[in-house]
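A.B. asks:
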Amino acid sequence: MKNNFLTKNLNDKQKEIITSSYKNILVLAGAGSGKTKVLTNKIAWLIDVKKYHSSSIMAVTFTNKGAKEIINRMKFLIKNLKDIWIGTFHGLSYKLLCMHYTESKLFKNFQIIDSEDQLKLIHQINLSMKLNFNNKSYHNILEYIRNYKDKGIRPSFCEININNKKNILYNKIYKEYQTTCDKLGLLDFSELLLRINELFINNKSISKFYKKKFKYILVDEFQDTNDIQYSWIKNFSSKECFIMIVGDDDQSIYGWRGAKSENMKNFINDFSRTKIIKLQQNYRSTNNILQAANSLIMNNNLRIGKKLWTEKKSGDLITIYQAYNEKDESNFIIKYILNNQKKLNNKKKEYAILYRKNSQSRSLEENLLKNNLKYDIYGGLKFFSRQEIKNTLAYFRLIVNKKDDLSYERIINFPKRKIGEKTLKKIKNISKNKKLSLWESTNFFIKNNLNDAKSFSLKNFFYLIDYLKENIKNLSLHEKFNFVIKKSGLLNFYEKEKKNINNSRIDNWQELVNSAKQFFIENNKEKNILEKFLAFSTLESERYTSYDDENYKIKLMTLHSSKGLEFPIVFIIGMEEGLFPNIIYSNNKEKLEEERRLAYVGMTRAMKKLVITYVKYRNIYGKIIKREPSRFIEEIPSHYKKIIYENKTNTSKNEIKKDNYYYTTNNTKNNYEIGKKVFHPKFGFGLIIHIEKNKILEIKFKKIGIKKLVAKYARLELC
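Residues in the sequence shown are numbered consecutively from 1, following full-length UniProt numbering.
#1: Any idea if residue 670 is buried or exposed, counting beta-carbon neighbours within 10 angstroms, 16 or more meaning buried?
#2: Restricting to Cα atoms, I'd like to know which of 165, 323, 567, 101 is closest to residue 645.
#3: Given a threshold of 16 other Cβ atoms within 10 Å of its Cβ, counted over all protein chains shown, does residue 294 qualify as buried or as exposed?
#4: With a Cβ-Cβ cutoff of 7 Å, do residue 325 and residue 617 count as a contact?
#5: With DSSP run on the structure shown, which of helix, strand or coil describes residue 121?
#6: Output the residue ranges of the beta strand (DSSP E) runs that lie fully inside the segment 423 to 464 and measure 3 residues or longer, sorted by chain position.
#7: Sort out for me which residues DSSP pairs residue 558 with in a bridge.
#8: How about residue 281 and residue 186: do their beta carbons lie closer than 7 Å?
#9: Ignore the nearest five residues each way along the sequence and tell me which others in residue 200's own chain have a CB closer than 6 Å to its CB.
#10: According to DSSP, residue 717 sits in a beta bridge with which residue or residues?
#11: Please report the Cβ distance between residue 287 and residue 247, rounded to the nearest whole angstrom; I am assuming they are in contact, meaning their Cβ atoms lie under 8 Å.
#12: I believe residue 227 touches residue 260 by the beta-carbon criterion, under 8 Å. Please report the beta-carbon distance rounded to the nearest angstrom.
#13: Out of curiosity, what's the CA-to-CA distance linking residue 711 and residue 701?
#14: Measuring alpha carbon to alpha carbon, tell me which residue in 475, 477, 441 is nearest residue 462.
#15: What does a CB cutoff of less than 6 Å around residue 706 pick up in its chain, not counting 5 residues either side in sequence?
#16: Measure the C-alpha to C-alpha separation of residue 188 and residue 113 and round it to an integer number of angstroms.
#17: Measuring only the C-alpha atoms, how far is residue 308 from residue 38?
#18: Grab the span of the alpha helix (DSSP H) containing residue 179 for me, first residue to last.
#19: What three-state label does DSSP hand residue 661 in the structure shown?
#20: Of all the alpha helix (DSSP H) runs that stay within the bounds of the segment 578 to 649, which reach a length of 4 or more residues?
#21: Residues in its own chain within less than 6 Å of residue 225 by CB, not counting five upstream and five downstream?
#22: Drop a sphere of 10 angstroms on the beta-carbon of residue 467, count the other beta-carbons inside from all chains shown, and report buried for 16 or more, exposed for fewer.
#23: In angstroms, rounded to a whole number, what distance separates the CA positions of residue 489 and residue 469?
#24: Exposed or buried, which one is residue 352 when buried takes at least 16 other CB atoms within 10 Å?
#25: Suppose the cutoff is 6 Å on Cβ atoms and the five residues either side in sequence are ignored; what does the same chain contact list for residue 695 look like?
#26: Using alpha carbons as the reference points, say which of 165, 409, 509, 613 lies closest to residue 327.
#27: Have a look at residue 428 and residue 419 and give me their C-alpha separation to the nearest angstrom.
#28: In terms of residue numbering, what span does the beta strand (DSSP E) encompassing residue 147 cover?
#29: Measuring only the C-alpha atoms, how far is residue 19 from residue 283?
#30: What are the boundary residues of the beta strand (DSSP E) that includes residue 376?
#31: Sort out for me which residues DSSP pairs residue 85 with in a bridge.
#32: Starting from residue 709, follow its DSSP beta bridges and name the residues at the other end.
#33: Can you give me the start and stop residues for the beta strand (DSSP E) that residue 322 sits inside?
#34: Quick check on residue 716 - is its C-beta less than 7 Å from some C-beta in chain C?
#35: How big is the Cα-Cα spacing for residue 491 and residue 485?
#36: What does a CB cutoff of less than 7 Å around residue 405 pick up in its chain, not counting 5 residues either side in sequence?
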């Protein structure tokens, strides 16, 4: 009976995956092909039919959202989920390191830091080493560190170009960064994976234990794995272990952060007797959308290859709108949404507007506001990244680990405690010279400055942290948060802010308390529940939202953020050469293929309608530039699309606004006169200074000086 339930309403390929006993399986799962159901039913099949012990199964996902979705679906399939190892690479690594912190040479109460904390640490190192890097360089340094860690490489083994001074300095910072993290008990995301890799290499008994423990490993979104994650999987595998990876090389869009789509091909080579099963039936999109997406992605050569199909009807053709400029583009989208709402009574949540770069949303946001259309920037500021949440968590991090210098610095004078920069500088100097944590250095400062007024303020801070630590010991997790928010002075501080800001802070705190309460319910048998929650708050990558509120908002997001989502009506804007594909990738075969995969991902988010727009003229760094439609539009066969050209009555032709909204289109042949301003798509703005009889125009351009052009072929626009 259970067998039939697990394979009910599935197609033949899905059934084959769930019921098969192949040693290793590579599931090439197309967009909207029901891969999550296959994953969950496979796990249930292994436990209920094949009689695997639940603790011998590991399911690895790429995002917390993916892990939660699997867990929620599994609740309806099997009774006991707790023994199954389900989580992200980072979440499972954290779990293992908590169990083996001694063997991994870690503090028992080690903490995880996010990218904001990493940048602060790099800033501090930059100052202490007396270097002159700026904020932009900090991000480059962070990327340098991540890239090497994701390849499993420590500072001592980095490739260093002795002729590249910047490269040498980056490596020195990497060394100091890691030394500082080790001293303070801090781990970044990449370090979590690297520590596991090193643990398995250096400790054969632990490696042997886990290779024997796990009999079946399932990995989702395999196309997004990087070097260290691929090694991570290999560390757990053995000759007796069965592995199933699920992925889609056509949706590999994270090459810029180290993901390697070729890991799917590597898997076939590295794991013998691998069976490739393709999930090509799509349950999401209409046939026209799928055929257009298939045609696009077939232009890529670096792929295993598959072709999506559906039993759904053809549906509407893809709408391609050629807008005059950004203003016309956003007007068209707003009008389209308003008309559809009147005709079809669509809810705002059914619309998604996707773009290549965040900066493209500005014109749209202004237009949406003008038309009273509520919207949400998906993937915006994360809940746990909000100022009041980070400040609250910093108190707890310092309570748990007094060597956490980043948390110390965040709250030592927040709220204000009359501790100035000079005092902090003295404490930092003590820390540097005596190699102490800031907490230890503060204690040293107090003992040597007993009569100093600053010592009194510092002692009060010490007393506060110890008072909080002592009084939350016997409280439940959510009560701990309520207590610290009130007694730390944070609540009183924010209550003095403007009312609307204050209400928002309090709402977010309530959400934090609710989150702690829910976390306790789900993990009440865990030891060190506070430490586990602090790790959760850093590892948690999804944004907290209110479901009811979301029903009434149009979604705006980058194409990268749209992965894994679906919407009835999708707009992809700005599909122009130089923007999408990005100009820096146009001549790089591998990068261009990733840009095409990104377009494919965007197109396959659409369920019913897909609208693609591009503009003839775009304001780029203050200059109006002529644009060409993206090659990706050309790669969609004509019988799957309909092209609509700019609505000329909707675009002003009598004025130019330098804020990128309007640009005149008056280009009559006989209207050129000396003294008139013109615009050329290549040379920019200019002034006609002379006209010869044969209609050769002499124009003084701002960018390049004087140039002669034949009026008939000049492609000039009069301003």
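Glycine is no exception: its CB is placed at the ideal position from the N, C-alpha and C atoms.
Just so we're clear, the structure is a prediction, and the values are computed from it rather than from any experiment.
C.D. replies: Let me spell this out:
#1: If you number the sequence shown from 1, residue 670 lands on position 670. With a pLDDT of only 49 at residue 670, under the threshold of 50, the placement of this residue in the model should not be trusted; the figure read from the coordinates follows. The residue is exposed, with fewer than 16 neighbouring Cβ atoms inside 10 Å.
#2: For this step, residue 645 is matched to residue 645 along the sequence shown. Here the closest residue by C-alpha is 323.
#3: Sequence index remark: in the sequence shown, residue 294 carries index 294 (1-based). Burial check for residue 294: the Cβ neighbour count within 10 Å reaches 16 or more, so the residue is buried.
#4: Reading the sequence shown from its first residue, position 325 is the one you call residue 325. Reading the sequence shown from its first residue, position 617 is the one you call residue 617. A contact, by the Cβ cut-off of 7 Å.
#5: Counted from its first residue, the sequence shown places residue 121 at position 121. Note: residue 121 maps to helix in three-state DSSP.
#6: none
#7: Locating residue 558 in the sequence shown gives position 558, where the first residue counts as 1. Under DSSP, residue 558 forms a beta bridge with 355.
#8: As a first step, residue 281 must be located in the sequence shown, where it is residue number 281. As a first step, residue 186 must be located in the sequence shown, where it is residue number 186. Going by C-beta atoms, residue 281 is not nearer than 7 Å to residue 186.
#9: Stepping through the sequence shown from its first residue, residue 200 is reached at position 200. Around residue 200: 207, 235.
#10: Taking the first residue of the sequence shown as position 1, residue 717 is located at position 717. Paired residue(s): 679.
#11: Counted from its first residue, the sequence shown places residue 287 at position 287. Counted from its first residue, the sequence shown places residue 247 at position 247. At roughly 24 Å, the Cβ-Cβ gap does not stay under 8 Å, so residue 287 and residue 247 are not in contact.
#12: Along the sequence shown, one-based indexing puts residue 227 at 227. Along the sequence shown, one-based indexing puts residue 260 at 260. Correct: roughly 7 Å between the Cβ atoms.
#13: If you number the sequence shown from 1, residue 711 lands on position 711. If you number the sequence shown from 1, residue 701 lands on position 701. Answer to the nearest angstrom: the Cα atoms are 15 Å apart.
#14: The residue labelled residue 462 in the question sits at position 462 within the sequence shown. Among 475, 477, 441, the Cα nearest to that of residue 462 is on 441.
#15: Translated into the one-based positions of the sequence shown, residue 706 becomes position 706. So the list reads 700, once near-sequence residues are dropped.
#16: Along the sequence shown, read from residue 1 onward, the residue named residue 188 stands at position 188. Along the sequence shown, read from residue 1 onward, the residue named residue 113 stands at position 113. Their backbone Cα atoms lie some 5 Å apart in a straight line.
#17: Within the sequence shown, residue 308 is the residue found at index 308, counting from 1. Within the sequence shown, residue 38 is the residue found at index 38, counting from 1. For residue 308 and residue 38, the distance between alpha carbons rounds to 17 Å.
#18: Residue numbering aside, residue 179 sits at position 179 when the sequence shown is read from its first letter. Residue 179 -> alpha helix (DSSP H) spans 165 to 184.
#19: Residue numbering aside, residue 661 sits at position 661 when the sequence shown is read from its first letter. Unreliable placement is indicated for residue 661, whose pLDDT of 31 sits below 50; no coordinate value is reported for it.
#20: 589 to 603, 631 to 634
#21: By one-based count along the sequence shown, residue 225 stands at place 225. Excluding sequence neighbours, residue 225 sits near 263.
#22: Translated into the one-based positions of the sequence shown, residue 467 becomes position 467. Its Cβ having fewer than 16 others within 10 Å, residue 467 is exposed.
#23: Along the sequence shown, read from residue 1 onward, the residue named residue 489 stands at position 489. Along the sequence shown, read from residue 1 onward, the residue named residue 469 stands at position 469. Each residue's Cα considered, the two are about 15 Å apart.
#24: Reading the sequence shown from its first residue, position 352 is the one you call residue 352. Buried.
#25: For this step, residue 695 is matched to residue 695 along the sequence shown. These residues qualify, in order along the chain: 711.
#26: Position 327 of the sequence shown, counted from the start, is the residue given in the question as residue 327. Check the Cα spacing between residue 327 and each of 165, 409, 509, 613: the tightest is with 613.
#27: Residue numbering aside, residue 428 sits at position 428 when the sequence shown is read from its first letter. Residue numbering aside, residue 419 sits at position 419 when the sequence shown is read from its first letter. Straight-line Cα distance between these residues: approximately 13 Å.
#28: Stepping through the sequence shown from its first residue, residue 147 is reached at position 147. Per DSSP, residue 147 belongs to no beta strand (DSSP E); it is in the alpha helix (DSSP H), 135 to 150.
#29: Residue 19 sits at position 19 when you count from the first residue of the sequence shown. Residue 283 sits at position 283 when you count from the first residue of the sequence shown. Their backbone Cα atoms lie some 21 Å apart in a straight line.
#30: On the sequence shown, position 376 is the one that residue 376 refers to. That run of the beta strand (DSSP E) goes 375 to 377.
#31: As a first step, residue 85 must be located in the sequence shown, where it is residue number 85. In the DSSP output, where bridge partners are listed per residue, residue 85 has 58.
#32: Taking the first residue of the sequence shown as position 1, residue 709 is located at position 709. Residue 709 pairs with 697.
#33: Here residue 322 corresponds to residue number 322 of the sequence shown, with the count starting at 1. From DSSP, the beta strand (DSSP E) with residue 322 extends over 318 to 323.
#34: In the structure shown, chain C cannot be found, because there is only a single protein chain.
#35: Position 491 of the sequence shown, counted from the start, is the residue given in the question as residue 491. Position 485 of the sequence shown, counted from the start, is the residue given in the question as residue 485. Each residue's alpha carbon lies about 6 Å from the other.
#36: As a first step, residue 405 is located in the sequence shown; it is residue number 405 there, counting from the start. Within the same chain, Cβ atoms closer than 7 Å to the Cβ of residue 405 are found at 184, 437, 438, the five residues on either side in sequence being excluded.
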